[in-house]
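In what follows, a structure is listed as structure tokens, so that the remarks can point back to it.
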Amino acid sequence: MKAMLTLDTLLEAFALLLLLSLVLGLLRIWQGPGFADRMLAAQLLGTTGVAMLLLLADPLGLPALRDVALVLALLAVLAVLAFVARVWDPDERPQDDGAGAHDAKPVSPADGVSARPTRQTGRSGEASGRRG
Amino acid sequence: MTLIAVLQGLLIGAGVAFFVVGSIGVLRFPDVYTRIHALTKADNLGLGLVVLGLLPGAESVAAALKLLLVWILALLASACSGYLVARAARRRGIAPWQRAPSARPAEDGR
């Protein structure tokens, strides 16, 4: 009985230590230079939160916290997947570059240059006809 | 009983130590790629040790299987998200961190 009591207090102390490590992750979110650093720190927050919920399920007498931990693990990865798919969007830029290269063809001014001498020769032919 | 409790305490303490090391790595490492290393490796090892330490205290087989399921889900999630974040960072052209004297010739070589 004493061992169980000390184990429960030990689990709560470990949960407090995990909370302190979460504060370090929050510092990274505050400092982070890019979006990805903040998102990785958010994923760290999710994993540490899962461990805290699993640790606190026994001392608090709430076995439903394990289900909460399952849902939190799933939602953390869904947040990261949505961030990569929607916010960062690495597939968008090559399509824009391809559309820009398709619009600017260097051949069309050459066609305009090649069309002008025929008109000029036509005008010169008319002029020579008028002269003749 | 007390021996099992001591073993549980040791395993969970090692797991919490890995968690602390992982968050220190996320705080201290200089780059996105290195932070992915610190996050996906250290935290999942810590979570696995915590789950192993909690397994003897589970009430039933279903609770123990649920604990193992949480760990497997976290492993799959961190593998997928670490790979996707690293691929997106590489496609955005973020150069991997190198030491200061050798950084600029490598970028010019590419």
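One line per chain: the protein sequences are R and G, in this order. Residue numbering for the first sequence follows the working numbering, beginning at 1 and increasing consecutively. Residue numbering for the second sequence follows the working numbering, beginning at 133 and increasing consecutively. Idealized CB from N, CA, C, for every residue including glycine. This structure is a prediction, so every number in the text was calculated from the model and none was measured.
Under the Cβ criterion of 9 Å, ALA209(G) is counted among the residues facing chain R. Beyond the five residues adjoining it in sequence on each side, LEU75(R) comes within less than 8 Å, by CB distance, of GLY46 in the same chain, given in chain order. For THR172(G), there is no enclosing alpha helix (DSSP H), as DSSP marks it with neither H nor E. Around GLN140(G), the beta-carbon contacts reaching into chain R at under 7 Å are LEU7. Within the segment 137-171 of chain G, the residues whose Cβ lies closer than 8 Å to any Cβ of chain R are, in chain order, ALA137, GLN140, GLY141, ILE144, GLY145, GLY147, VAL148, PHE151, VAL152, GLY154, SER155, ILE156, VAL158, LEU159, VAL164, ARG167, ILE168, LEU171.
Along the segment 58-80 of chain R, the positions whose C-beta sits under 7 Å from a C-beta of chain G are ASP58, PRO63, ARG66, ALA69, LEU70, ALA73, LEU74, ALA76, VAL77, VAL80, read in chain order.
Taking C-beta atoms under 8 Å as the contact rule, VAL153(G) and ARG167(G) fail to qualify, at a distance of about 13 Å. Against chain G, the beta carbon of GLY49(R) has no neighbour under 8 Å; the closest one sits roughly 11 Å away. Shown here, PRO188(G) sits in a helix according to DSSP, grouped into three states. A straight-line Cα-Cα distance of about 11 Å links LEU19(R) and GLU12(R).
VAL23(R) and ALA149(G) have their alpha carbons spaced roughly 15 Å apart. At least 9 Å separates the CB of ARG86(R) from every CB of chain G.
For ALA41(R), the closest of GLY147(G), LEU201(G), ASP163(G), LEU181(G) by C-alpha to C-alpha distance is ASP163(G).
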